[in-house]
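Colleague:
2 protein chains.
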Amino acid sequence: MATMKDVAQLAGVSLITVSRVINSPDIVSEATRLKVEQAMEALDFMPNFAAKALAQNNTRTIYLYIPGNIGISDPFNMHLIAGVAEELSNANYLFLVKRDLEFNHRCDGAIVMGLDLSEENAFTAKIKVPFVLFGKNDLDIDCVDVDNELGAVMMADKIIANGHKKIGFIMRDTSQRYAHERLEGYKKALEKNNIPFDEKLVRYAENSEQEGYTNAYDLMTREKPTAIFCCVDLLAIGAFRAAEKLKLKIPRDISIAGFDGLIFDLIPKVPLTTVRQPVYETGRALAARLLERLKNPELPYEKKYLEPEMKWRESVGPNRHQTG
Amino acid sequence: MATMKDVAQLAGVSLITVSRVINSPDIVSEATRLKVEQAMEALDFMPNFAAKALAQNNTRTIYLYIPGNIGISDPFNMHLIAGVAEELSNANYLFLVKRDLEFNHRCDGAIVMGLDLSEENAFTAKIKVPFVLFGKNDLDIDCVDVDNELGAVMMADKIIANGHKKIGFIMRDTSQRYAHERLEGYKKALEKNNIPFDEKLVRYAENSEQEGYTNAYDLMTREKPTAIFCCVDLLAIGAFRAAEKLKLKIPRDISIAGFDGLIFDLIPKVPLTTVRQPVYETGRALAARLLERLKNPELPYEKKYLEPEMKWRESVGPNRHQTG
DNA sequence: CTGAAAGCGCTTACAG
DNA sequence: CTGAAAGCGCTTACAG
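Heads up: the protein sequence lines correspond to chains A and B, in order. Numbered by my numbering, the letters in the first sequence go through residues 9 to 332 in order. Numbered by my numbering, the letters in the second sequence go through residues 9 to 332 in order.
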C-alpha cells in the first residue's frame, strides 16, 4: 500500500510537500500540487489515519456511552446510535459504543447518556476529554435533550382541549430526570387550563407493561378518569390491557396517551396517541455539538432542547362523559 | 497522559516488558508483571491505539457500507447498525458508516449491504480488505442474510393453513434479491400445498404505501383473493387502505400479511401479521464473522442464513369465503 | 525471562 | 513556496 513517501518520490517532491497538498493545499504552488495529486492518483494513495493520529496526538475516535443495563437494540438506543453514526461518519470520525464508564483507551471526546442525577457531578469531574451530555442539567457543560416538559405540556393541553378534565397520570417511578419533567409538564398544562392538580390521579409504576396494567386498572376503578396520560409508551400498552379487562372501549370510554413514539414491537390494537421523542435527531445534535467543541474548545457551553412531536392517533378522543 | 515509557520507568523495566505485560502477560514473570501492573495503575495508563495500529500495520477500524440512497434512520439500517455496533464495540473495534464505495482511508475490513446483483462481482473484485456481505450469493465470500425464502414459505404456509387458497402476492418491483426470494417462497408454499400458481394473482409495485394501495385495490377488485401477502410491510399498509376504501373488513373479508417487522411509525388500525426480519441479529452475525476472519484469514468461507420470525397478529384470519 | 534498536507513516516547528 | 530532521507511542525480530 502506497505511503506518502512513495507519492513524494514519484512526484519528485519532499514528504512534507505531500503532507501540505493533503492538509493545506492553498499554500503550495499550483504546479507542485498537480504533480502530487497525479502521483496520489497513480499510486491509489490512502492516508494512514493511525499515523496521522499519532503524529497529531489525537485519535479521531469518539466514545458513545450507553449504560450497560439497557440493550443496544432498545429502540431508543438504536435511534440514538443511528443519529450519532450519521453525523460522526460524515466527519470521518470513528466511534465505539461503551457500556461502562471505564475509559480504557484514548479518545478525543465522548457522548454520554443515561446518567443518573447522582452520577452527573462525579462524571463531569472525572472525565478528561471534551464531552456532550444527553440530558438536561445545570452544569457548565454542553448538553442536548428532548424537551420532555414541553412534550408533556403539548400532550396534556390537547387532551384537555378534547374536553377531558379528570386526567390520570401514570408516572414512571425513577430518579431519571425525564420522567419528572413529563410529570411537571402535565401539572403545568393543568394549571394553565385552571384544572386543580389532584395527587390521587397520579400513580407511580416501574417501567413495564405489567405495572402499566395494574396501575391503570387501579386508577380506572378507583378514580374513573376519562383520560390517562402515561409517562412512557410501555405503560400505556399496559393501560390498554386494563381497559380491555374492564370492558372500557378506547377512546369511547377512556382515552389513553403515551410518550416515546419508539415502540414498534408491541403494536396495540388501537393506535396509540403519543409524543414522539426526536431521539435520532438528538443523536445527530449531540455528535454535531461534540465535533464543534473539538474544533473550537473555547466555545461557550450550549444547552439545546429539541421539541418533540405529537403523534395524534386514535387512542384519545373527545370526552363523552357527564362529569370530569 | 502517561505512556508505556513512563510505566517502564516507574516499574524499573524496559519498554518492551511493558508491552509484553499488555499483550502476552503469560510469558513474563509474575514479579515483573505485578510491578508493571502497579505502575500502570498508579499512572492511570491508557494505551494509545493509534500508535499500536501504526506499529502493527492495522487500524482496528471497520467500514460499514450503507448505500447513500437509504437513510441511516431507516428502521432496517438502525437495526443493522445497532447489531454491528454491539459486536464491534465489544471487541474494541471502531467503525465508520460509509455512504459510498470510495474507501478513502485504511480499514481492516468491511461489512457491505444493499449491493445490487450487478454490483456484487465488481465490488468483490475491487475490494482489497476482508469483508462480509449482507446478502445471499454464490460467490466465494463470507455472507450473512435473512432467510427470505424460508420466511415467505412460513408465512404463506400458515395463511394456507388458515384455509386460504386464493392468495394474492404484491411483489416489490426491484432487482434486489430478497424480493425475488420472497416471491419464490410464496410459490414454493403453494406448490407444497398443491395450489397451482396463478400469475394473475401477482402484482408488481414500487416500494411505497401508494403503490401498495393501487395494486391491492386492483387485485381486490379484479381477482378477489381472500388473502394478500405483501413483499414488504409498507405495501401492506397500502393494502390496508385499499381494503378500507372497498369496505372490506380485515381479517373478516380479506386477510393481509406483510414482511419486515420493522415498521413503527405507520401503525395500522389492525395489527399487521408479518414476518420479522432479524436485522439486528444479522448485524451482529456480520460483525462477528468479520472479526473471525480478521483473526484467521485462512478460514473457509461461510454462508449463514438467519431464520426470520413469524409475527402472527390480527390482520390474517381464517378463510370465511365459499370459494377460494 | 528480559532488553536495545529499528521501524510503522504521518506532522511540525524551523530554516531557507 | 519548499525541505531536513525529529518525534508521536507503540511493536517486533533478534540477541542474550
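For every residue, glycine included, the Cβ atom is placed at its ideal position computed from N, Cα and C.
Taking the C-alpha atoms as reference points, what is the distance between Pro305 (chain A) and Ile149 (chain A)?
Modeller: 12 Å
Colleague: Going along chain A in order, which residues have a C-beta closer than 7 Å to the C-beta of Ile89 (chain B)?
Modeller: Ile89, Ala90, Ala93
Colleague: Taking C-beta pairs closer than 9 Å, name the residues in chain B that Pro334 (chain A) reaches, listed in chain order.
Modeller: No answer is possible for residue 334 (chain A): the residues shown for chain A start at 9 and end at 332.
Colleague: Answer yes or no: the CB of Ala16 (chain B) versus the heavy atoms of the ligand FMN, is any distance below 7 Å?
Modeller: Ligands in the displayed structure: none, and consequently the ligand FMN is not present.
Colleague: Going by beta carbon distance, what residues of the same chain come within less than 8 Å of Leu191 (chain B), once the five residues before and after it are set aside?
Modeller: Ala160, Phe177, Met179, Val210, Cys239
Colleague: Does the stretch 96-105 of chain A come close enough to the stretch 61-81 of chain A to have 3 or more Cβ pairs within less than 8 Å?
Modeller: yes
Colleague: Check the Cβ-Cβ distances between Tyr288 (chain B) and every residue of chain A, and say whether any is below 8 Å.
Modeller: yes
Colleague: Which same chain residues end up closer than 7 Å to Pro326 (chain A) when comparing Cβ atoms and leaving out the 5 residues on each side of it in sequence?
Modeller: Non-local C-beta neighbours of Pro326 (chain A) in its own chain, meaning closer than 7 Å and more than five positions away in sequence, comprise Asn170, Gly171, ordered along the chain.
Colleague: Quick check: Leu299 (chain B) and Tyr101 (chain B), are their CB atoms within less than 8 Å of each other?
Modeller: yes
Colleague: Is Phe142 (chain B) close to chain A, meaning its C-beta is less than 8 Å from at least one C-beta of that chain?
Modeller: no
Colleague: Out of B:Met54, B:Val105, B:Gln64, which one is the CA nearest neighbour of Gly76 (chain B)?
Modeller: B:Val105
Colleague: Could you please tell me which residues of the stretch 73-87 of chain B, in chain order, have their CB closer than 8 Å to any CB of chain A?
Modeller: Ile80, Ser81, Pro83, Asn85, Met86, His87
Colleague: Contact criterion: CB-CB distance below 8 Å. Does Ala61 (chain B) meet it with respect to chain A?
Modeller: yes
Colleague: Kindly give me the distance between the Cβ atoms of Thr40 (chain A) and Thr25 (chain A), rounded to whole angstroms, as I take these residues to be in contact under 8 Å.
Modeller: Going by Cβ atoms, the distance from Thr40 (chain A) to Thr25 (chain A) rounds to 6 Å, so yes, they are a contact pair.
Colleague: Pair every Cβ in the stretch 106-116 of chain A with every Cβ in the stretch 127-138 of chain A, then say whether three or more of these pairs are closer than 8 Å.
Modeller: yes
Colleague: Spell out whether any CB of chain B is found under 8 Å from the CB atom of Arg114 (chain A).
Modeller: yes
Colleague: Checking 8 Å against the spacing of the C-beta atoms, do Gly91 (chain B) and Tyr212 (chain B) come in under that value?
Modeller: no
Colleague: So, does the CB of Val105 (chain B) fall closer than 8 Å to a CB anywhere in chain A?
Modeller: yes
Colleague: Is Tyr309 (chain B) buried or exposed, if buried means 16 or more other CB atoms sit within 10 Å of its CB?
Modeller: Classification of Tyr309 (chain B): exposed, given that the 10 Å Cβ count is below 16.
Colleague: Considering only the alpha carbon of each residue, which of A:Asp165, A:Leu280, A:Asn85 lies closest to Phe142 (chain A)?
Modeller: A:Asn85
Colleague: Would Thr234 (chain B) be called buried (16 or more neighbouring beta carbons within 10 Å of its own) or exposed?
Modeller: buried
Colleague: Please classify Arg292 (chain A) as buried or exposed, where buried requires at least 16 neighbouring CB atoms within 10 angstroms.
Modeller: buried
Colleague: Excluding the 5 residues preceding and the 5 following Glu45 (chain B) in the sequence, name in chain order all residues of the same chain whose CB lies nearer than 7 Å to its CB.
Modeller: Same-chain partners within the cutoff: Val29.
Colleague: Looking at the unbroken beta strand (DSSP E) that takes in Ile245 (chain B), where does it start and where does it end?
Modeller: Per DSSP, Ile245 (chain B) belongs to no beta strand (DSSP E); it is in the alpha helix (DSSP H), 241-253.
Colleague: Along chain B, which residues have their Cβ under 9 Å away from the Cβ of Cys55 (chain A)?
Modeller: The question names Cys, but residue 55 (chain A) is Pro in the sequence shown. Under a criterion of Cβ atoms nearer than 9 Å, the residues of chain B adjacent to Pro55 (chain A) are, in order, Asn112, His113, Arg114.
Colleague: Please check if any C-beta of chain A sits within less than 8 Å of the C-beta of Leu243 (chain B).
Modeller: No, Leu243 (chain B) does not count as interfacial toward chain A.
Colleague: Would you check if the distance between the CB atom of Lys208 (chain B) and the CB atom of Glu189 (chain B) is smaller than 8 Å?
Modeller: Taking 8 Å as the cut-off, the Cβ atoms of Lys208 (chain B) and Glu189 (chain B) do not count as close.
Colleague: If you measure from the beta carbon of Thr132 (chain B) to each beta carbon in chain A, is any gap under 8 Å?
Modeller: no
Colleague: In the DSSP assignment, what residue or residues form a beta bridge with Tyr71 (chain B)?
Modeller: Tyr71 (chain B) pairs with B:Leu104, B:Ala118.
Colleague: At the level of alpha carbons, what is the spacing between Gly20 (chain A) and Ala187 (chain B)?
Modeller: 53 Å
Colleague: Apply the 10 Å Cβ neighbour rule to Phe205 (chain B) and answer buried if 16 or more other Cβ atoms are within range, or exposed otherwise.
Modeller: exposed
Colleague: Relative to the alpha-carbon of Phe103 (chain A), which residue among B:Ala251, B:Thr67, B:Glu252 has its alpha-carbon at the smallest distance?
Modeller: B:Thr67
Colleague: Measuring CB to CB, does Leu314 (chain B) end up less than 8 Å from Val154 (chain B)?
Modeller: yes
Colleague: If I measure Cβ to Cβ from Gly332 (chain B) and keep anything under 8 Å in the same chain, skipping five residues before and after, which residues do I get?
Modeller: Confidence is the limiting factor: at Gly332 (chain B) the pLDDT is only 43, short of 50, which leaves the residue's position unreliable, though a coordinate-based value still follows. Cβ neighbours of Gly332 (chain B) beyond the five flanking positions: His172, Lys173, Lys174, Lys232, Pro233, Thr234.
Colleague: In whole angstroms, give me the CA-to-CA distance for Ile78 (chain B) and Met48 (chain B).
Modeller: Between Ile78 (chain B) and Met48 (chain B), the C-alpha separation is close to 46 Å.
Colleague: Just to confirm, is the Cβ distance from Gly220 (chain B) to Ile203 (chain B) under 8 Å?
Modeller: No, they are not a contact pair.
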